[in-house]
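Novice: Mind having a look at this structure? Questions to follow.
Residue numbers (mature numbering (1 follows the signal peptide of the UniProt record, and there is no 0)): -21 to -1, 1 to 534.
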């Protein structure tokens, strides 16, 4: 007897809520077609008969148009919508076959805050939006909407909960990233197009509305909320849920395999390239960069230190470094006064009278170089330096690096008293004995860093950095300590949940009287609440457990 009373009371609440839900507060409603004041003078649209005669319907023609709300009108829209997390988009439409167009778009510069699109080429409905983390997202709903037939479309968003109704049937229900409605000044509102040049919708639209309220879809389909299941029906629905879960698992497995095949197809048609020092290399292409052999693999440059081959040089030649190359090559030599000189090297010889004679190794013979005179020096003779490769003296502190040097990337030229030498930059090591080529030292891999516990070492060119592990905050450049997300209110727990800090993170647990996963908690309906209906209880704020069911075959 008691169960019958409870069931009758519950159904009475449902019926009353459905009736109350039919009325829409004008302050929560945005009637787009009325506010835009479309008419015969509006280019690209004309009034036509709609699905019903209660409101105006407009044909969006295949011609240039600019259906955009004025700045003042758009701001009126956004004052109702800004920072709201529960709203519904309603539209009655008949889209031309195979047309791909935007139904409505709210965007600022290149950021799409809310854009509803129907693609007749791919047979899908798309929702583009921007989340609270300022990242763009796209939800795709496979459905044939562009079939030149009348459809009622309703998209209800409640925080991270999204429901798509078409022709008063629930097609999709998803949990998504929470959309952001923090609309900046200058945001624009477009109808039937993304902008002046793209996303033209072709077809008829009627009753385009935004309702800033829960379960706004009831305004379009009032019968959705008027039936109450019996206990027997409820048990049947539970069984259906279990069957649908099995179907979903099988479908998900098929979808996963299909995605893997699509990824392999993408790799076949899209050749990846690599960019290094302004040059573009194709996949598997190899090249030499200084003292490293590099290859483009899967769009990433991978380099290994070059191993120089052993070479046997012919008579009157020896191994020596060549400008622009890492490894030594055989070069001609000259033997002169018990020393070996390579091709192009010079040496001075002073006679007993102090006259300087300059020789240069050419064609395996030391040949005399004619003197062209020396420039005057502006330093005292005590500050002058005699060089081994030139008869002309230089002043102390002379910049030999300015003449010519062979120091390559990550190596710097340094002046000595009578010559220039190469030296590796800090954090780099020499790849050959003259320090002309240097490579980065991986302090992380070699254990030459100072990162302490709760940090991770990341190698950087010439150095390293310590980054904090997830759930920890920085103390100094090398140390991190545990971060209490609960105390600092940097957690994602529902307002009806308790936050418990853990090592490297936190846990969310719903408070007594609420159920959920902690990030989302909903109140549980008690028997007392069912027996004592509240007349102020608005149906649009109610959530029934059986609302979770999507009719089989609609998706």
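Backbone N, C-alpha and C define an ideal beta-carbon position, used for all residues, glycine too.
Remember, it's a predicted structure, so these values are computed and weren't measured experimentally.
For residue 205 and residue 173, what's the separation of their Cα atoms in angstroms?
Specialist: Here residue 205 refers to the residue found at position 226 of the chain shown. Here residue 173 refers to the residue found at position 194 of the chain shown. The predicted position of residue 205 is uncertain, since its pLDDT is 47 and thus under 50; a value taken from the coordinates is nonetheless stated next. Roughly 37 Å between the two C-alpha positions.
Novice: Among the candidates 156, 7, 170 and 140, whose CA atom is the shortest distance from the CA of residue 37?
Specialist: Residue 37 sits at position 58 when you count from the first residue of the chain shown. Among 156, 7, 170 and 140, the Cα nearest to that of residue 37 is on 170.
Novice: Note the first and the last residue of the continuous beta strand (DSSP E) segment covering residue 476.
Specialist: Your numbering for residue 476 matches position 497 in the chain shown. Taken as a continuous stretch (DSSP letters only), the beta strand (DSSP E) holding residue 476 covers 476 to 481.
Novice: Tell me whether residue 500 is buried or exposed, calling it buried when 16 or more other Cβ atoms sit within 10 Å of its Cβ.
Specialist: Within the chain shown, numbered from 1, the residue matching residue 500 stands at position 521. Burial call: buried.
Novice: Could you pull out every residue in the same chain whose Cβ sits closer than 6 Å to the Cβ of residue 71, ignoring the five residues on either side in sequence?
Specialist: One-based indexing of the chain shown puts residue 71 at position 92. Here the set comprises 30, 131, 185 and 186.
Novice: Would you decide whether residue 294 is buried or exposed? Buried here means 16 or more other CB atoms lie within 10 Å of its CB.
Specialist: Here residue 294 corresponds to residue number 315 of the chain shown, with the count starting at 1. It is exposed - the Cβ of residue 294 has fewer than 16 other Cβ atoms within 10 Å.
Novice: Under the DSSP definition of a beta bridge, which residues are partnered with residue 115?
Specialist: To locate residue 115, count along the chain shown from 1; it is residue 136. Residue 115 pairs with 109.
Novice: Just how far apart, CA to CA, sit residue 401 and residue 275?
Specialist: Your numbering for residue 401 matches position 422 in the chain shown. Your numbering for residue 275 matches position 296 in the chain shown. Cα-Cα distance, rounded: 30 Å.
Novice: Could I get the ranges of all uninterrupted beta strand (DSSP E) runs contained in the region 331 to 394, with 3 residues as the minimum, in chain order?
Specialist: You should have 335 to 341, 344 to 348 and 390 to 394.
Novice: Decide if residue 109 is buried, meaning its Cβ has at least 16 other Cβ atoms within 10 Å, or exposed.
Specialist: Within the chain shown, residue 109 is the residue found at index 130, counting from 1. Buried, because 16 or more other Cβ atoms sit within 10 Å of the Cβ of residue 109.
Novice: Please specify which runs of the beta strand (DSSP E), each continuous and at least 3 residues long, are wholly inside the region 250 to 307, giving them in chain order.
Specialist: For the region 250 to 307, whole beta strand (DSSP E) runs of length 3 or above, ordered along the chain, are 252 to 255, 258 to 261, 265 to 268, 271 to 276, 279 to 284 and 296 to 299.
Novice: Can you name the start and end residues of the alpha helix (DSSP H) that residue 15 belongs to?
Specialist: For the purposes of this step, residue 15 is taken as residue 36 along the chain shown, with counting starting at 1. It spans 11 to 15 - the alpha helix (DSSP H) in which residue 15 sits, taken as one unbroken run.
Novice: I'd like to know if residue 239 contacts chain D, where contact means its C-beta is closer than 9 Å to some C-beta of that chain.
Specialist: Chain labels in this structure do not include chain D; a single protein chain is all it has.
Novice: Using the three-state DSSP reduction, which class does residue 433 fall into: helix, strand or coil?
Specialist: Reading the chain shown from its first residue, position 454 is the one you call residue 433. The answer is coil: DSSP assigns residue 433 none of H, G, I, E or B.
Novice: Where residue 386 and residue 278 are concerned, what is the direct C-alpha to C-alpha distance, given to the nearest angstrom?
Specialist: As a first step, residue 386 is located in the chain shown; it is residue number 407 there, counting from the start. As a first step, residue 278 is located in the chain shown; it is residue number 299 there, counting from the start. Distance between the alpha carbons of residue 386 and residue 278 is about 30 Å.
Novice: Drop a sphere of 10 angstroms on the beta-carbon of residue 234, count the other beta-carbons inside from all chains shown, and report buried for 16 or more, exposed for fewer.
Specialist: Residue 234 sits at position 255 when you count from the first residue of the chain shown. That one is exposed.
Novice: If residue 397 and residue 406 are in contact, beta carbons under 8 Å, what's the gap, nearest whole angstrom?
Specialist: What you label residue 397 is simply residue 418 of the chain shown in a count that begins at 1. What you label residue 406 is simply residue 427 of the chain shown in a count that begins at 1. Residue 397 to residue 406, Cβ: 29 Å. No contact.
Novice: Taking buried to mean at least 16 other C-beta atoms within 10 Å of its own C-beta, is residue 193 buried or exposed?
Specialist: One-based indexing of the chain shown puts residue 193 at position 214. Label assigned to residue 193: buried.
Novice: Does the Cβ-Cβ distance between residue 49 and residue 22 come in under 9 Å?
Specialist: Sequence index remark: in the chain shown, residue 49 carries index 70 (1-based). Sequence index remark: in the chain shown, residue 22 carries index 43 (1-based). Cβ distance not < 9 Å, so residue 49 and residue 22 don't count as in contact.
Novice: Nearest by alpha-carbon distance to residue 161: which of 434, 149, 465 and 56 is it?
Specialist: On the chain shown, residue 161 is found 182 positions in, with the first residue counted as 1. Per the Cα distances, 56.
Novice: Fully enclosed by the region 126 to 168, which beta strand (DSSP E) runs are 3 residues long or longer?
Specialist: List check, beta strand (DSSP E) in window: 129 to 137, 140 to 145 and 148 to 154.
Novice: Just list the residues that DSSP pairs residue 502 with in beta bridges.
Specialist: Locating residue 502 in the chain shown gives position 523, where the first residue counts as 1. 493.
Novice: Does the separation of the CB atoms of residue 311 and residue 287 fall below 9 Å?
Specialist: In the chain shown, the residue the question calls residue 311 occupies position 332. In the chain shown, the residue the question calls residue 287 occupies position 308. No; because the gap between Cβ atoms is not below 9 Å, this pair is not in contact.
Novice: Going by other Cβ atoms of all chains shown within 10 Å of its Cβ, with 16 needed for buried, is residue 86 buried or exposed?
Specialist: Translated into positions along the chain shown, residue 86 becomes position 107. Per the 10 Å Cβ criterion, buried.
Novice: Does the beta-carbon of residue 168 have 16 or more other beta-carbons within 10 angstroms, so that it is buried, or is it exposed?
Specialist: The residue you call residue 168 lines up with position 189 of the chain shown. With 16 or more Cβ atoms within 10 Å of its Cβ, residue 168 is classed as buried.
Novice: Can residue 195 and residue 97 be called in contact, C-beta distance under 9 Å?
Specialist: The count along the chain shown starts at 1 and reaches residue 195 at position 216. The count along the chain shown starts at 1 and reaches residue 97 at position 118. In this structure, residue 97 does not lie closer than 9 Å to residue 195 by Cβ.
Novice: Quick one: grab the DSSP three-state call for residue 8.
Specialist: By 1-based counting over the chain shown, the position of residue 8 is 29. In this structure, residue 8 counts as strand in the three-state DSSP scheme.
Novice: For residue 223, does the three-state DSSP call read helix, strand or coil?
Specialist: Here residue 223 refers to the residue found at position 244 of the chain shown. Residue state, collapsed to three classes: helix.
Novice: Helix or strand or just coil, what does DSSP make of residue 20?
Specialist: Here residue 20 is taken as the residue at index 41 of the chain shown, counted from 1. Of the three classes helix, strand and coil, the one that applies to residue 20 here is coil, per DSSP.
Novice: Run through DSSP, which three-state label would residue 318 get?
Specialist: For the purposes of this step, residue 318 is taken as residue 339 along the chain shown, with counting starting at 1. Correct three-state label for residue 318: strand.
Novice: How many Å lie between residue 297 and residue 285 at the Cα?
Specialist: Walking along the chain shown from the start, residue 297 turns up at place 318. Walking along the chain shown from the start, residue 285 turns up at place 306. Answer to the nearest angstrom: the Cα atoms are 21 Å apart.
Novice: Is the region 144 to 160 touching the region 111 to 119, taking contact as three or more C-beta pairs under 8 Å?
Specialist: As far as the Cβ criterion goes, the region 144 to 160 touches the region 111 to 119, which means the pair count is three or higher.
Novice: When we look at the beta-carbon of residue 244 and count the other beta-carbons within 10 Å, is it buried (16 or more) or exposed?
Specialist: For the purposes of this step, residue 244 is taken as residue 265 along the chain shown, with counting starting at 1. Label assigned to residue 244: exposed.
Novice: Look at the alpha carbon of residue 510 and the alpha carbon of residue 203, and state the distance between them as a whole number of angstroms.
Specialist: For the purposes of this step, residue 510 is taken as the residue at position 531 of the chain shown. For the purposes of this step, residue 203 is taken as the residue at position 224 of the chain shown. Bear in mind that the predicted position of residue 510 carries a pLDDT of just 45, short of 50, making it too unreliable to give a figure here.
Novice: Along the chain, where does the alpha helix (DSSP H) containing residue 58 start, and where does it finish?
Specialist: Stepping through the chain shown from its first residue, residue 58 is reached at position 79. From DSSP, the alpha helix (DSSP H) with residue 58 extends over 50 to 60.
Novice: What number of angstroms, rounded off, separates the C-alpha of residue 449 from the C-alpha of residue 483?
Specialist: Reading the chain shown from its first residue, position 470 is the one you call residue 449. Reading the chain shown from its first residue, position 504 is the one you call residue 483. Spanning the two alpha carbons is a distance of roughly 6 Å.
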